[in-house]
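Heads up: the structure comes next, in C-alpha cells.
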Amino acid sequence: MTSSVRCYQLDQSEYIHLFSSQLIYLFSLFNEYDYSIRIIGGAVRDILLGATPHDIDLATTATTNDILRLVQGDSNIELVYTRAEHFGTLTLIVGTTVRIKMTSMDIEMLSLEHQNDQIPSDMNSRRISNSIQNQHALENITNVPPKTVRASSNHQQRLSNLLYYLGKTCALILKPEAPNLIVTDSHPHSIAVADFNNDYLLDIIVPYSGTSSIGIFFRQDNTTFRDQIKYSTGSNSLPYAVCVGDFNHDQQIDVAVANYGANNIGIFLGTGNGTFMSQITFSTGSSRPLWIAVGDMNNDKRLDIVVANYGTNDIGILFGDGIGNFGKQNTLSTGYDSVPYSLVVSDLNNDDKLDIIVANHGTGNVGLFVGHGNGLFEIQATISTGFKSQPYSVAVNDLNNDTYMDIVVTCSGLNTIDVLLGFGNGTFTVPYKYSTNNNSFPLSLVIGDFDNDNHLDIAVANYQNESVGIFFGYGNGFFRDQLIFFSVSYNFNPYSIAAGDFNGDNRLDIAVVNYDYNYVDIVLTYRNYTFLNQNTYSTGIPSSPRSVAVADFNNDKQLDIVVANYGTNNIGIFLSYGTGTFSSQITYSTGDNSLPHAVTIGDFNNDKQVDIVVANYGTNNIGIFLAYGNGTFSSQTTYSTGDGSIPIDVAVGDFNNDGQLDIAVANSYSFNIGIFLGYSNGTFSSQQTYSTGNQSYPQSIAIGDFNNDSRLDIAVVNCVGFNMGVFLGYGNGTFADQVSYLVTIGFCPNDIAIGDVNNDDHLDIIITVVNSNTILIFFGYGNGTFVKGNTYSTGSGARPFSIVVGDVNNDSQLDIVVANDNGNNIVVFIGEGDGTFPAQRTYSTGDHSSPVSVVLSDINNDNIPDIVVADYSTNMIGVFLGSSYMNGILEDTYSTGSSPHPHGLALGDFNHDDRIPDYRLFLPIRNETFDVFDSTLHPTETTVFQLRVVASHKSGLPLSAFRLVTDTHDELFDHVRLSQYDIDYRATLTIQTWIGWSDFFTYAIKGYTKAVLKLVSSDELVRQYMLQVALYISAHYGHQDLARALLQLEARADRPVGHHPSRQWCSTDCVHPEYFRCPIHEAIASLQVNIVTLFGSRDVSILQKNDGYGLKPWRLALRQEVSQKQYDIASFILIKQFDGVRLSNKVTVPQRYVYIFKQWAERAREHVYAQHGLQCSSLKRKPLINHGESLLGYKVLVDGYNNDFQDYYSTAEYAKDKMRTGYVILDERERIRLKNTENYMKKYI
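Numbering follows full-length UniProt numbering, in which position 369 of the sequence shown is assigned residue number 369; successive positions increment by one, without gaps.
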C-alpha cells in the first residue's frame, strides 16, 4: 500500500450498491446540521480494489457530543454502546439491521493539533465554549496531493489527513488498531489523591495521555494547591489510569500507571518528599490497559497490580516482589466483546482472600472473579446489569452494615446506578436500580459518608447533565433518590470523581475531572440548614395567641408547647408525639378578662417538674400553674403586679443565689419591673419594683450575667422611652438603678434577646425596633456596660415583634430569628461569629398570620433546632421543623494544561487505607476501624499498653476509658507483649469501652452536649471523672459547645482524666507519661485550633501546664506536623506566653507566675478542706481526690476490670451492651462479690 493518500468523491450512480436507504438517511441527518460524513477504513480499500465492502466505517466532522445529541433524539437510530470517551468511535444501528461505526475526526486528530502556536488563547480561561466553531486547525501534510477537492475547508483537510493515516496500513477501525486513533486522543484519563510528601495534606496526581506524562499538584494548605510538577511516562505511552500503594515496603507512597499506548504498567517509586524515581515499566502484551487497581492477591504481604485490558477483553494480574518489581502478566478472560472498563478488588465472600470485580461495558454485566488466596481465581461469574446498560464504573463497600461487601455500578446506557447487596458468600441480590435522571450518562462513582451520619452514601458523576449527584444512604442498603450535589450550567461535564477531606473539616469533599475543559474541580462538602414549611395547630377562635414556650411537661423526653391565648383568657398545652407533631390543645383558665400576654416556664417548687408562669395583662397579676409531671397542671395561683400595672412580659432566674427560681416581670403602664422572690414551695414574696423611667412603657425583659460577677442582671426594652435599660444585680435579690442606652428618638424597641454574638465571652443584647423595621445589637464589654452596634433590616413594613437567638445551622455561632408581625414571616439572620449577620433567610407564616412570638428549640430530637411561632391573627401556633441537606461549593479549579483534557479520576490513598496496615483497631461505638501504619511496633517487642496509646490517639478516648480485646474477646493486659497473645502484624483488635457507657462515649464523640450532660452520674467522684472524659473527647474532636458546657461545670482543661474512681485496667502502667495528658494537650495534638483558643482564652494559665513528658503546650505545638493549624495554635500560645495579668492598676504579673500562684491557692484550699471541712474552705464542692489510681477499697477485678456499678444506667442498657460486646456473664459468686463492693462504695461516698 502506498504511503500517499487519495481522496475520492464517489459517483453515486457508479457505487449505488453502497448507498442503502439507511446510509442515505444518516448522510441526510448529518448534512442537515452542516456535518460532513466520509467513508473510511477497509471500505475504502475494497472500493479501490473494485470489491464490495463487507462493512462500512464512517468519519464525521461532528464531535462525539454532537453525534450523541443527534442520534439519541432520533427514533430511527439506536446507540449500541459508546466508546467516545476513549477514542471517539460510536456504534450505531440505523433502521433495525444496518450496523455502522462512526468516528469523530475532531476527537481522533486532536493530538496532531497540540503545537503551542495553534492553541487558542481563550483555552486558558476557566469557562470556554465547546462549539464546533472553536475546534483547532490542522497543519497541512505537504506530501498529500488530493486527486479531487470538493471544497477548500478544514473539514476536507481533516478527512485527507485521516485517510492518509488509515491508508498507510489499510486498517479497519477495530480495537487492535486503537493506538493509531488513541495517539491523537489527548484526554487524561484518571487522577489519584494521596499525601506524596508526608505533610498531612492531600496531593493530586494526573496522568496525561496527550503529553505522555503524569503531573502532581501538591496541596499548599487547606485552601489551595501549588503548580504541578511533571514526570514522563515515555513517548506515545498514553497513560490512562493511575493508582497508589507502597510497592517496595519503604513506607512511602508509590505510583502505578496504566500506559494504554505502550501496553505496559509504569511504576514510579516515591521518596517520601514528593519526588519520584524514573519510571520502571512492565509489559502487558498488546492488551491496552485501561484501568488499574492494587491489592495483595496471593497473600504474600506484597502488593500486586490488577489491570482491565480493554483491547484483549481480559484482566491481567502482575504479582509484586515487595521491592518494586512485578512479574509477567497472568490474564483472566472477561468474555468476547466484553470491553472491561473498570475494576476493583475486595473480599466478597469473607474468606480473607481478595476477589476481583469488573464492569464489562460491552456485554452489560458485572464480572466476579473469586480468589483462592494463592493468585489463582475461579472462572468469571457474571451478573447482568440489563440490556443496553453499558456499565462504566464499579465500586465496593458494605452498604447495609452486615459486614458483607456490596457492589455499586454506574450504567451509562440506562442512566442509573445499580446496587447489588452481598450475602457474604460471593453471591448478590439482583441489581436495584436508582435513576440518575434522563440523559444524565453517569460515568463514575465513589462511596463515602458525605453527611457524617455513619451511613455510606454514593456520589456519581453525571457527564451529560453536567452535575454530581449523591444518593444518601439509610444504612440498610437502600438510598434516597438522587440529590444534585453540585452543578454548573455551562462547560462542566464531570467524567470521573473521587472523595477525600481536602480542607481538613472532617467532611468528605469531591474532586471532579472535567473531561472536556482541561480542569480538575475541587468541590467542598457543605451542610446547609433550612426549615420546612410551617405546620399549624389551632389554638381556638378567637384565641389570638400572644406568646409561646417549650418544655417537657409529661416527662416523655419530648418537648411540648405552651401558649398564652390572649383572646380566650387561657393557656393551651400541646403535648408532643415525638415526631415533631402535637396533640390537640388542652386549656387552663387564666381568669376572666385576664388577657394573658406572656408565658415562660421553670421549676418553682423544686419537684423536678416544669411549671408555668404567665403575665396576665388584663388582671394586673402573674399566674402560677404547678405541674404534676404527667402533662396536667394545677389551677392558677396569682400574685398582684399592682393596679393598672399591665404586666406585659415575664422571665425567671435565681436573683438571690438561694437555689430557688424567682420571677421578673415588665409592668408596662406602671413604668417599672417587678421582682417576685421564690420560696421553693411554689409560692413567692410580694413584688419589689424598680423604675424604668417615667412614661417608658417597658415591653420586654431578659436575664443574663452582664458583668461576669456570677450574679444575674436584668435587661429591658422601653418602648416610649426609646431605650434599652440594664439593672445590675447584687446577688441578694436587689438591683442597682437602671442604666439606659438610647436606641433612637422616636423609634420603639419591642423585644429583647441575650447572647454572645461576637464570641468575646461577653453577653450582648439584641432588640427589635418595630417602627424602623430593624434589629439592633448592643455589644457587651463584660463589665455591665454596652455599646451600640450594627443594625439590620427585617424588611420593608415588616414590624419585627419578637426575637430569639440560637445556633440554627450548627456552626457554633449564634444566629438570630425574628418574627415579623406585618411581614407575616420569620427572618433568620445567619451569624458569622464576629457580631455580623450578612445572610438572611425568610420563611412565610401565611397570609394575615401576624406572628408575634417566636422560640427556638429542638422539638423532634434530631439535633437540628426547630422554630415555634404564635400566629396571632390566624389563631394558630406554627411549627417549622429544622432540616439539613448537603451540597457542594467550588473551592477552586486547577488547569491541567491546554493539551491534557482531564478525563477520569481514581481514588488514591489519602489516609493509608490502600496500604496494608500493620494493625487495625476497631471501635464498636462508632463502627469505625483505625489503620495503624508503624512497622516499629513489632509484635515481639510491643506491649499491649503501647498499642493502647496508639488507640487513644486515634480514637480520642482517654487511656482509662477502654481496653483492647481480641476478636474472640480475650483480655489483653497492658504489660504483656503482643506476641505472647499470638498477635502478629495485620491483626484486628477491638477498643472495648466500659460496659454501659456506650451512649455516653457516642454522644461525646458526636458532640451532643445535652445528651452527654443527661448521662453524667449523680455520684460526685464519678461525675467529675465523666466530665473530664467528655472534655478530653471534645478536645480531640473539636466540639466547642460541649467543651464550653463542660468547663462551666468545672471540668478542667489542665487536669488529666485519671482513672475511674471504682474501675481500673492494669495498674502497672498508671505512672506512664500518657496518663498525664490533659485536654489542652489533646487539643494541641489533634490540631483543634478553636478548642485551644477556647481553653487559653478562658484561663491563660492553662497554657503553662506540662504534659507527662514535661513539655509545655507551646513546645508540644511546635512538635506537630507543619500546617496552617499548627501555625495558628503555636502562634496563639506563644503570644499568650508573654501576656501579663493585671492584679491592680500598678501591678502586672507574667502569666507563668500567675499559674504558680493558682497552684499554690488550689493546694491551700484543698488543705483547708481536708483539715477543717467544706464550711471553712472556699471550695464550692468536694475536691477530686482521685489523681492517680482508683480509690483504695474500690478495687475488685472482674475479668481484668474493676467493679462497674451502674447507679445511673438501666438494667436494659447494661444487658444490651453485654449482648453487643459479647462480655462474659458473671457467675453467682462474682455477682455477690460485686454487690458487696457496690454497697461499700456507696457507703464510702
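No residue lacks a Cβ here, since even glycine has one placed at the ideal position from N, Cα and C. Note that this is a predicted model, so its numbers are computed, not measured.
Rounded to the nearest whole angstrom, the C-alpha separation of D509 and D457 is 13 Å.
Rounded to whole angstroms, the gap between the alpha carbons of R288 and L947 is 45 Å. Counting only the Cα atoms, F282 lies some 44 Å from L23.
Of the residues S342, G504 and Y25, the one whose Cα lies closest to the Cα of V409 is S342. Inter-segment contact for the stretch 546-553 and the stretch 584-592 is absent: fewer than three beta-carbon pairs are separated by less than 8 Å. Note: T774 is bridge-paired with V769 and S793 in the DSSP secondary-structure output. Here the C-alpha atom of G362 lies approximately 33 Å from the C-alpha atom of R302. H372 and N263 have their C-alpha atoms some 27 Å from each other. The beta carbon of L79 sits closer than 6 Å to those of V71, all from its chain and outside the five residues before and after it, given in chain order. Buried is the label assigned to I983, since at least 16 other Cβ atoms lie within 10 Å of its Cβ.
In this structure T385 does not touch N415 by the C-beta definition: roughly 12 Å separates them, more than the 8 Å allowed. For S955, the enclosing alpha helix (DSSP H) has its first and last residue at V944 to S955.
Of the candidates D607, V614 and Q1048, V614 places its Cα closest to the Cα of A598.
With at least 16 other beta carbons inside 10 angstroms of its own, S645 counts as buried.
The alpha-carbon of S884 is positioned some 44 Å away from that of Y231. For the 8 Å CB-CB criterion, F735 and G729 form a contact. Cβ contact annotation for F1095 (same chain, cutoff 6 Å, sequence separation greater than five): A1053, I1080 and I1102, in chain order. Straight through space, the alpha carbons of G311 and A241 are spaced by roughly 15 Å. Taking 8 Å as the cut-off, the beta carbon of L964 is found closer than this to the beta carbon of L989. Apart from the 5 residues on each side of it in sequence, R799 sits with its Cβ closer than 8 Å to the Cβ of V770, N771, N773, N820, D821, N822 and G823 in its chain, given in chain order. The criterion of a C-beta distance shorter than 8 Å is not satisfied by A459 and P494. In the DSSP assignment, D892 forms a beta bridge with I522. In the three-state scheme derived from DSSP, where H, G and I count as helix and E and B as strand, S36 is classed as coil. In summary, F779 is buried, with 16 or more beta-carbon neighbours lying within 10 Å of its beta-carbon over all protein chains present. Residue nearest to I40 within the set A59, L26 and I826 is A59 (criterion: CA-CA distance).
Per DSSP, reduced to three states, the secondary structure at W1114 is helical. The beta carbon of S594 lies closer than 7 Å to those of N569, N616, G618 and T619 in the same chain, with the five residues before and after it left out. Take V932, set aside five residues on each side of it, and the residues of its chain with a beta-carbon closer than 8 Å to its own are P917, D918, Y919, R920, L921, L947, V950 and K954, in chain order. In this structure T641 is in contact with Q687, their Cβ atoms being roughly 6 Å apart against a cut-off of 8 Å. Nearest to D481 by alpha-carbon distance, out of G473, V488 and S487, is G473. Secondary structure of M876 (DSSP, three-state): strand.
Counting of Cβ neighbours within 10 angstroms places Q464 among the buried residues, the total reaching 16 or more.
The beta carbon of P865 sits closer than 6 Å to those of G806, V808, L856, D858 and G882, all from its chain and outside the five residues before and after it, given in chain order. The beta carbon of K353 sits closer than 6 Å to those of G371 and G373, all from its chain and outside the five residues before and after it, given in chain order. DSSP places F485 within a strand segment (E or B) once states are collapsed to three. Counting along the chain, K1105 sits inside no alpha helix (DSSP H), nor does DSSP assign it H or E at all.
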